[in-house]
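Asks: Its first residue numbered 318, the sequence shown is counted upward by one per residue in my numbering.
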Amino acid sequence: MKKKIIRIEQHKNSAKLLGLKVFKESLENHFLSAITIRNSSANDRSMGLVIEMDCNYKLREILFSLKNIIPGNTFEKKIDRVSDFFSTAFKKLQDNNEVPIDIEELSIYLKDTSIIIRKIYKNSILHQLKNLINALDIHSKKFTEQHIEVPFEICIPVFEMNKKNRTNSYIKAILNKNDKTTYFKNWGLYYDSENNDVIYNLRKQSLIHGEIHYLNY
């Protein structure tokens with residue numbers, strides 16, 4: 318399986334945030350992961366963070382734990398607890414700082430795959446985290462069964478490129494709509510056995526081979 322190089326050093330500029338160490342340690346203790354936090358963008362008016370979680374479990378092990386180990390009556394309530402903890406910890410970080418903070422990217426590195434979630438509107442990752450976990454539970458079974466292997470990377474979201482939508486202005490127009498459904502249309506999957514990009518269409522629950530545009534910060 319192809320491995321990404323994981324940055325293990327905290328970016329020096331992110332140290333300007335008050336309460337960052339407490340935020341980082343709370344995530345590490347709660348999610349049993351090594352956490353790296355760095356800046357993707359920063360100025361006097363706002364700060365964008367990239368949060369990387371290095372977790373020593375496989376994707377199905379994480380989802381199994383959510384269903385069978387974390388307290389809660391239903392899977393939905395359990396992922397609510399996960400999302401609520403993340404949001405509460407982030408709110409404490411924000412309350413300690415005057416400059417607005419947002420998460421530009423959440424990268425989760427597991428033993429068998431990496432999940433890269435990118436911001437599509439203000440606070441979109443925090444707002445949609447529980448829905449994304451639920452979607453991963455449903456659709457990881459589908460795209461693994463169809464391809465008979467786990468992708469080494471899952472990018473959320475991506476855009477299928479064609480003759481009509483090859484420009485960055487097209488992507489910006491979509492993002493400016495602040496449409497939460499953008500997360501639940503197309504994901505990019507990268508397999509060891511594939512030389513080309515693979516798009517997973519969540520609505521059709523099918524794999525498509527095509528050119529992918531994904532978000533960079």
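Idealized CB from N, CA, C, for every residue including glycine. Quantities reported herein were computed from a predicted structural model and do not represent experimental measurements.
Leaving out five residues before and five after LEU446 in sequence, what residues of the same chain have Cβ atoms less than 7 Å from its Cβ?
Replies: Cβ within range, chain order: SER400, PHE403.
Asks: In angstroms with no decimal places, state the Cα-to-Cα distance between ARG398 and PHE476.
Replies: The alpha-carbon atoms of ARG398 and PHE476 are separated by roughly 30 Å.
Asks: If you draw a straight line from the C-alpha of GLU393 to the C-alpha of ASN451, how long is it?
Replies: Cα to Cα, GLU393 sits roughly 8 Å from ASN451.
Asks: Which runs of the beta strand (DSSP E), 3 residues or longer, sit entirely within the region 415 to 485?
Replies: Within the region 415 to 485, the complete beta strand (DSSP E) runs of at least 3 residues are 418 to 426, 431 to 435, 470 to 473, 475 to 477.
Asks: When DSSP labels each residue in this structure, what does THR353 get in the three-state scheme?
Replies: DSSP places THR353 in strand when its eight states are reduced to three.
Asks: Determine which residues share a DSSP beta bridge with ASN512 and list them.
Replies: None; ASN512 has no bridge partner.
Asks: Nearest CA to the CA of SER382: which residue from PHE469, VAL339, GLU421, ASP454?
Replies: Residue ASP454 is the option with its Cα nearest to SER382.
Asks: Is PHE403 near the ligand PLP, judged by its Cβ being under 7 Å from some heavy atom?
Replies: Inclusion of the ligand PLP in the displayed structure is not the case, the ligand content being empty and no account of it being possible.
Asks: Would you mind reading off the limits of the alpha helix (DSSP H) that contains ASP496?
Replies: First-last for ASP496: undefined, no H or E at that position.
Asks: Looking at the unbroken beta strand (DSSP E) that takes in SER536, where does it start and where does it end?
Replies: Residue 536 is absent from the structure shown; the chain starts at 318 and stops at 534.
Asks: Starting from the Cα of SER441, find the closest Cα among ASP412, PRO474, HIS464, GLU462 and give me that residue.
Replies: Comparing Cα positions, the closest option is PRO474.
Asks: Would you tell me roughly how many angstroms separate the C-alpha atoms of CYS372 and ILE434, rounded to the nearest one?
Replies: Approximately 16 Å, taken between the alpha carbons.
Asks: For ILE418, I'd like the list of residues in its chain whose CB is within less than 6 Å of its CB, leaving aside the five on either flank, ordered along the chain.
Replies: So the qualifying residues of the chain are MET364, GLN411.
Asks: Which residue or residues does DSSP assign as beta-bridge partners of ASP371?
Replies: DSSP output for ASP371 lists ALA351, TYR426 as bridge partner(s).
Asks: If we ignore side chains and look at the alpha-carbon of each, how far apart do GLU378 and PHE348 end up?
Replies: About 13 Å.
Asks: Give every residue of the same chain whose Cβ lies closer than 6 Å to the Cβ of LEU334, excluding the five residues on either side of it in the sequence, and list them in chain order.
Replies: Correct list, in chain order: ASN414.
Asks: List the residues that DSSP assigns as beta-bridge partners of LEU366.
Replies: ASN356, ILE420.
Asks: Have a look at ILE354 and ILE368 and give me their C-alpha separation to the nearest angstrom.
Replies: Roughly 5 Å between the two C-alpha positions.
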